[in-house]
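With our numbering as the guide, the letters of the sequence shown map in order to residues 1 to 886.
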Amino acid sequence: MKTAKERFDFAMTKSVVEVLDALETSITGVQEDQVETLRDTYGENKLTKATEVPLWKKIYESIINPFTVILLVIAVISLMTNVILAKPGEEDPTTSIIIVVLVLISGGIRFVQELKSDKAASNLSSLIVNTATVIRDEVQQEIPIEELVVGDIIKLSAGDMLPADALLLETRDFFIQQSSLTGESESVEKKAIWIPSEETQKPVLESERFVFMGSNVVSGSALAVILVTGNDTMIGRIEKTLNTFDEPTSFEKEMNTISWLLIRLMLVLVPVVFVINGLTDSDWLEAGVFALSVAVGLTPEMLPMIITASLAKGAVIMAKEKVVIKKLNAIQDLGAIDILCTDKTGTLTQDEIILEYPLDIHANLDLGVLKIGYLNSYFQTGLKNLLDRAIITRTEKESVEHEDLRDLSTRYQKIDELPFDFERRRMSVIVKEESQEGALLVTKGALEEMLSISSHVQDGKEIHPITEEIRQNILEAVSQLNEQGLRVLGVSQKFYPNASHRFAVEDESNMILMGYLAFLDPPKPSAAPAIQALKEHGVLTKILTGDNEKVTQTVCERVGLPVDHILLGTDIEEMDDATLAIEAEKTTIFAKLSPEQKARIIRLLKANGHKVGYMGDGINDAPSLKVADVGISVDTAVDIAKEVADVILLDKDLLVLEKGLIEGRKVYANMTKYIKMTVSSNFGNIFSLLFASVFLPFLPMAPVHLIVLNLIYDLSCVALPFDHVDEDFLKEPRAWTAKSITRFMSWLGPTSSIFDIITFAVMFFGIAPMITGSSYAESTNPAFFLMVFQTGWFIQSMWSQTMVIYMLRSPKLPFIQSKPAFSLLVTSLFALFIVTVLPYTPLAASLKLATLNGMYFLALMLITVSYMLLVTIVKKVYIKKYREWL
Numbered sequence: 001m002k003t004a005k006e007r008f009d010f011a012m013t014k015s016v017v018e019v020l021d022a023l024e025t026s027i028t029g030v031q032e033d034q035v036e037t038l039r040d041t042y043g044e045n046k047l048t049k050a051t052e053v054p055l056w057k058k059i060y061e062s063i064i065n066p067f068t069v070i071l072l073v074i075a076v077i078s079l080m081t082n083v084i085l086a087k088p089g090e091e092d093p094t095t096s097i098i099i100v101v102l103v104l105i106s107g108g109i110r111f112v113q114e115l116k117s118d119k120a121a122s123n124l125s126s127l128i129v130n131t132a133t134v135i136r137d138e139v140q141q142e143i144p145i146e147e148l149v150v151g152d153i154i155k156l157s158a159g160d161m162l163p164a165d166a167l168l169l170e171t172r173d174f175f176i177q178q179s180s181l182t183g184e185s186e187s188v189e190k191k192a193i194w195i196p197s198e199e200t201q202k203p204v205l206e207s208e209r210f211v212f213m214g215s216n217v218v219s220g221s222a223l224a225v226i227l228v229t230g231n232d233t234m235i236g237r238i239e240k241t242l243n244t245f246d247e248p249t250s251f252e253k254e255m256n257t258i259s260w261l262l263i264r265l266m267l268v269l270v271p272v273v274f275v276i277n278g279l280t281d282s283d284w285l286e287a288g289v290f291a292l293s294v295a296v297g298l299t300p301e302m303l304p305m306i307i308t309a310s311l312a313k314g315a316v317i318m319a320k321e322k323v324v325i326k327k328l329n330a331i332q333d334l335g336a337i338d339i340l341c342t343d344k345t346g347t348l349t350q351d352e353i354i355l356e357y358p359l360d361i362h363a364n365l366d367l368g369v370l371k372i373g374y375l376n377s378y379f380q381t382g383l384k385n386l387l388d389r390a391i392i393t394r395t396e397k398e399s400v401e402h403e404d405l406r407d408l409s410t411r412y413q414k415i416d417e418l419p420f421d422f423e424r425r426r427m428s429v430i431v432k433e434e435s436q437e438g439a440l441l442v443t444k445g446a447l448e449e450m451l452s453i454s455s456h457v458q459d460g461k462e463i464h465p466i467t468e469e470i471r472q473n474i475l476e477a478v479s480q481l482n483e484q485g486l487r488v489l490g491v492s493q494k495f496y497p498n499a500s501h502r503f504a505v506e507d508e509s510n511m512i513l514m515g516y517l518a519f520l521d522p523p524k525p526s527a528a529p530a531i532q533a534l535k536e537h538g539v540l541t542k543i544l545t546g547d548n549e550k551v552t553q554t555v556c557e558r559v560g561l562p563v564d565h566i567l568l569g570t571d572i573e574e575m576d577d578a579t580l581a582i583e584a585e586k587t588t589i590f591a592k593l594s595p596e597q598k599a600r601i602i603r604l605l606k607a608n609g610h611k612v613g614y615m616g617d618g619i620n621d622a623p624s625l626k627v628a629d630v631g632i633s634v635d636t637a638v639d640i641a642k643e644v645a646d647v648i649l650l651d652k653d654l655l656v657l658e659k660g661l662i663e664g665r666k667v668y669a670n671m672t673k674y675i676k677m678t679v680s681s682n683f684g685n686i687f688s689l690l691f692a693s694v695f696l697p698f699l700p701m702a703p704v705h706l707i708v709l710n711l712i713y714d715l716s717c718v719a720l721p722f723d724h725v726d727e728d729f730l731k732e733p734r735a736w737t738a739k740s741i742t743r744f745m746s747w748l749g750p751t752s753s754i755f756d757i758i759t760f761a762v763m764f765f766g767i768a769p770m771i772t773g774s775s776y777a778e779s780t781n782p783a784f785f786l787m788v789f790q791t792g793w794f795i796q797s798m799w800s801q802t803m804v805i806y807m808l809r810s811p812k813l814p815f816i817q818s819k820p821a822f823s824l825l826v827t828s829l830f831a832l833f834i835v836t837v838l839p840y841t842p843l844a845a846s847l848k849l850a851t852l853n854g855m856y857f858l859a860l861m862l863i864t865v866s867y868m869l870l871v872t873i874v875k876k877v878y879i880k881k882y883r884e885w886l
């Protein structure tokens with residue numbers, strides 16, 4: 001039994017005696033001379049922390065990625081073209097400085113984010129107590145939990161935290177809280193079962209025989225033998241998952257895809273431009289400088305800044321909605337999800353048990369049953385659980401309108417009680433009303449137990465013996481309540497004329513069954529509209545819970561979540577990944593899951609091509625939060641869940657997530673506008689340059705023109721993160737793909753090149769000869785002819801790039817069906833103005849720009865309008881063919 005699974009499997013089916021023998025221990029504990037051998041065999045009781053990543057490596061990983069490598073290479077290229085190879089007095093390092101600063105800013109933001117979320121696994125140790133009570137060599141002692149070994153006998157009592165995974169040997173009124181592992185909100189009873197029966201075998205986490213590290217004892221006491229220690233425990237396996245699984249999110253994958261797309265384009269285009277220009281002009285140095293400038297022109301240098309601004313804007317807006325965005329990338333990831341996986345408790349429900357119905361034996365509302373239940377819950381001295389508190393709360397609420405329920409705590413006095421135990425599965429309180437003689441024994445507990453001690457039923461004002469027919473009617477009514485997800489307790493009473501009678505368990509007999517109490521963890525009022533809103537935005541909700549499937553199904557039906565299919569943890573355990581991947585697509589509810597099963601389902605949904613968000617707040621949710629594309633938790637969650645999560649909700653409400661989805665999709669829309677517009681426009685320019693290199697006797701644009709044009713255009717795009725997004729665009733999840741960008745670029749790039757070529761023809765055969773007085777072949781001042789030509793295309797490129805922003809930013813008609821943000825209008829028109837007037841400023845000489853005549857601007861207007869009309873036609877054909885735009 002070397003592995004933890006083998007030990008659990010053995011203990012599930014064997015008697016306690018056989019387990020103790022297999023572990024070479026006994027009820028009196030292990031021998032001191034066995035400890036080291038057991039530790040060597042089964043391992044230490046320590047949770048291994050992940051290796052701390054050095055600070056230098058964190059900084060490196062924050063800054064260096066495929067896209068920033070491109071930018072840094074371009075910064076070096078720009079340094080060469082604008083400084084090292086520039087003529088004396090014309091050195092200009094501005095572009096290089098801007099690029100480096102942008103890379104450092106985006107890297108700095110990422111570094112700070114990663115530093116905050118890097119401690120996710122380390123906080124698990126804070127959940128474990130420092131010492132444990134252990135029996136060794138028949139001697140009880142307190143030792144550090146690190147010294148515990150498999151086979152140790154430990155004593156547990158109220159308030160203790162479980163120091164390892166163990167098999168129970170003895171129990172007394174033993175309740176534990178293991179919601180952090182299973183997701184169940186209520187305390188659960190555990191008991192020693194020395195000889196298990198095949199019929200009662202359950203999944204390990206549900207078994208009454210086992211307790212797990214990290215759970216805490218609510219009440220009672222127990223004796224247990226340690227089965228599993230350290231990294232092999234349930235909580236240890238969760239930590240191992242956190243330490244080993246570090247898959248990039250969808251956003252990171254998409255950014256890498258775009259980066260490699262740009263790298264491939266550069267590797268193809270730059271050498272082609274270099275060779276063509278070198279062969280055409282025989283000036284290989286100038287051809288090299290120009291080819292490197294093409295690389296600069298192809299790259300959207302402002303992308304890190306656009307991304308940061310877009311994400312930061314989304315984070316600020318979400319902060320107003322009481323949502324903390326821990327990792328900026330999570331905003332876009334949130335917008336991309338098409339499946340939201342979430343636990344039931346506290347998300348769909350209010351995370352508190354309420355008494356839904358106090359019912360008589362016919363399942364009709366009966367406040368007399370509520371009164372009996374109150375007397376039992378209020379006067380008991382044991383731990384008041386969620387059910388007791390629900391009874392007391394409901395009684396206090398009803399007492400406002402019903403006088404008989406008022407002042408029960410003062411009208412009655414407690415005489416005695418018979419505490420709850422696992423054998424009886426019920427508890428009794430004996431009370432006496434001030435105005436009457438005698439005492440009343442009131443008992444509540446599991447319905448089967450209450451039927452076994454009750455000989456009569458209260459039917460209105462009459463009392464009848466329990467017949468088989470009455471018994472079956474009661475069981476059928478309760479079964480229907482269970483089918484509705486309600487938990488049912490029976491309530492009985494018995495009157496004793498002699499209040500001084502010495503009460504004992506034997507007195508719980510021949511009682512009168514008054515009725516039953518039906519409890520529910522009610523759905524949140526916001527859950528139904530939230531699920532509908534998510535559905536309208538293309539997001540399916542799936543429930544992954546450790547709770548009971550019937551209760552979960554009822555809650556789902558109440559909030560309007562269609563229950564197409566239910567899978568239990570036991571079913572999933574038998575499935576291979578291929579089968580589960582198919583089942584996961586058509587399943588709404590996954591119930592009674594272990595933490596590993598939750599994470600496995602999410603991985604398979606991602607493998608199926610989905611972008612998955614997960615919402616959870618317990619230790620058992622930590623692996624799922626980490627493997628999901630975006631992990632969502634709440635401020636009341638355990639530390640480990642909060643630190644693994646990308647998004648923290650200050651209010652556990654799915655409606656807030658809808659707003660997050662919308663903001664994420666706005667971020668995506670505005671980032672993709674920039675990438676598609678810039679890459680396609682730059683690609684068109686380069687396509688035009690290739691044409692010009694073959695057919696023109698000179699370069700159509702100087703390297704400095706390419707860089708200045710690209711820089712001013714990029715600066716004009718700083719307002720894109722604040723642009724408006726069409727409402728219908730926000731209705732579906734979106735994700736970048738290299739295919740979409742390549743397709744967009746290959747359609748729109750050549751479209752712009754058509755008008756570039758027209759501009760070349762107009763400038764070469766018309767405008768430039770008109771201004772210089774001769775053709776290029778006959779010119780006595782070819783340098784001036786070249787300046788005029790290059791200035792004309794420089795201005796036309798900016799006009800076409802700027803005006804087409806409004807054509808490309810939406811599939812709809814610009815200004816009529818889709819209005820841009822005012823800030824975008826201002827920045828783009830200002831950039832257009834700057835480029836247009838540059839030839840008329842003192843900078844014209846240093847930039848080698850010439851003034852142009854009125855005929856040029858008339859031709860510019862005609863070319864620009866024609867270009868916009870053609871783009872409109874191409875856009876319609878493109879959308880019809882591919883059914884998408886951005």
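Don't be surprised by glycine CBs; every beta carbon is placed ideally from N, CA and C.
Nearest to I893 (by Cα), restricted to the options G278, V101, V69 and L408: Lying before the first or after the last residue shown, residue 893 is absent from the chain, which here runs from 1 to 886.
Flag this pair as yes or no: are the beta carbons of H610 and D338 separated by less than 7 Å? Yes; because the gap between Cβ atoms is below 7 Å, this pair is in contact.
Counting only runs that start and end within the region 433-466, where is the beta strand (DSSP E) found for 3 or more residues in a row? Fully enclosed beta strand (DSSP E) runs of 3 or longer: 439-446, 454-459 and 462-465.
What's the call for L869, buried or exposed, on a 16-neighbour Cβ count within 10 Å? Exposed.
I'd like to know whether the C-beta atoms of S680 and M745 end up nearer to each other than 7 Å. Yes; because the gap between Cβ atoms is below 7 Å, this pair is in contact.
For N216, which residues does DSSP report across the bridge? Its beta-bridge partners are M161 and Q177.
Beta bridge counterpart(s) of R424 as assigned by DSSP: Beta-bridge partners of R424 (DSSP): none assigned.
Could you pull out every residue in the same chain whose Cβ sits closer than 8 Å to the Cβ of I662, ignoring the five residues on either side in sequence? Answer for I662: G335, H537 and L730, listed in chain order.
Alpha carbon to alpha carbon, what distance is there between I834 and Q817? So the alpha carbons of these two residues sit roughly 29 Å apart.
Can you tell me which of V704, I463 and A645 puts its alpha carbon nearest to the alpha carbon of Q790? Comparing Cα-Cα distances from Q790 to each of V704, I463 and A645, the minimum goes to V704.
May I ask you to report which of helix, strand or coil DSSP gives D232? It is helical.
Heavy atom of the ligand GTP within 6 Å of G368 beta-carbon: No copy of the ligand GTP occurs in the structure displayed, which carries no ligand at all.
Exposure label - S15; buried when at least 16 CB within 10 Å: Looking at its Cβ environment, which holds fewer than 16 other Cβ atoms inside 10 Å, S15 is exposed.
Classification of Q480 by the beta-carbon crowding that lies within 10 angstroms, buried from 16 upward: By the neighbour-count criterion, in which a residue is buried when 16 or more other Cβ atoms sit within 10 angstroms of its Cβ, Q480 is exposed.
Quick one: grab the DSSP three-state call for S509. Of the three classes helix, strand and coil, the one that applies to S509 here is coil, per DSSP.
When T381, P522, I415 and E321 are compared against Q350, the one with the closest alpha-carbon: The closest CA to that of Q350, considering only T381, P522, I415 and E321, is found on P522.
In the DSSP output, what is E170 paired with across the bridge? Residue pairing for E170: DSSP places it in a beta bridge opposite L223.
Can you tell me whether V316 is buried or exposed? The criterion is at least 16 other CB atoms within 10 Å of its CB, across all chains shown. Label assigned to V316: exposed.
Identify, in the order they occur along the chain, each residue of the same chain with its Cβ nearer than 6 Å to the Cβ of E208, setting aside the five sequence neighbours on each side. K190 and K191.
Just to confirm the assignment: which complete alpha helix (DSSP H) runs, minimum length 4, are found wholly within the region 345-388? Those alpha helix (DSSP H) runs which fall completely within the region 345-388 and span 4+ residues are 367-379.
What are the uninterrupted segments assigned as beta strand (DSSP E) that are 3 or more residues long and contained completely in the region 632-691, given in chain order? The DSSP assignment places 647-649 as complete runs of the beta strand (DSSP E) inside the region 632-691, in order along the chain (cut-off: 3 residues).
Span separating the alpha-carbon of V400 from that of T410: Answer to the nearest angstrom: the Cα atoms are 16 Å apart.
Who does A412 pair with in a DSSP beta bridge? The question names Ala, but residue 412 in the sequence shown is Tyr. Looking at the DSSP output, Y412 bridges to E433.
DSSP three-state label for K57, please. Here K57 sits in helix by DSSP.
Counting along the chain, where does the beta strand (DSSP E) carrying Q141 start and finish? Unbroken beta strand (DSSP E) run through Q141: V139 to P144.
Could you name each continuous alpha helix (DSSP H) segment of 4 residues or more that falls completely within the region 692-765, going from the start of the chain to the end? The alpha helix (DSSP H) runs of length 4 or more contained entirely in the region 692-765 are, from start to end of the chain, 703-716 and 738-762.
Of the listed residues Y412, D360 and L418, nearest to T381 (C-alpha basis): The shortest Cα separation from T381 among Y412, D360 and L418 belongs to L418.
What separation, rounded to the nearest whole angstrom, lies between the Cα atoms of R424 and A164? Straight-line Cα distance between these residues: approximately 29 Å.
In terms of alpha-carbon separation, which member of I879, R487 and V865 lies closest to T802? Of the candidates I879, R487 and V865, the residue whose Cα lies closest to the Cα of T802 is V865.
Compare the Cα-Cα distances from D152 to each of E32, F765, I648 and S828 and report the closest residue. That would be E32, whose Cα lies nearest to the Cα of D152.
Exposed unless 16 or more other CB atoms sit within 10 angstroms - verdict on S800: Looking at its Cβ environment, which holds 16 or more other Cβ atoms inside 10 Å, S800 is buried.
So what does F495 bridge to, in DSSP terms? Under DSSP, F495 shares a beta bridge with L440.
Could you tell me the alpha carbon to alpha carbon distance between P88 and K848, rounded to whole angstroms? Within the model, the alpha-carbon separation for P88 versus K848 is close to 15 Å.
For V188, the three-state DSSP class (helix, strand or coil): Here DSSP, grouped into helix, strand and coil, assigns V188 to strand.
In the region 795-872, which residue ranges form an unbroken beta strand (DSSP E) of at least 3 residues, counting only runs that do not cross its ends? Segments of the beta strand (DSSP E) lying fully in the region 795-872: there are none.
Considering only C-alpha positions, which residue in the set I758, N781 and C717 is nearest to P820? Scanning I758, N781 and C717 for the CA closest to the CA of P820 turns up C717.
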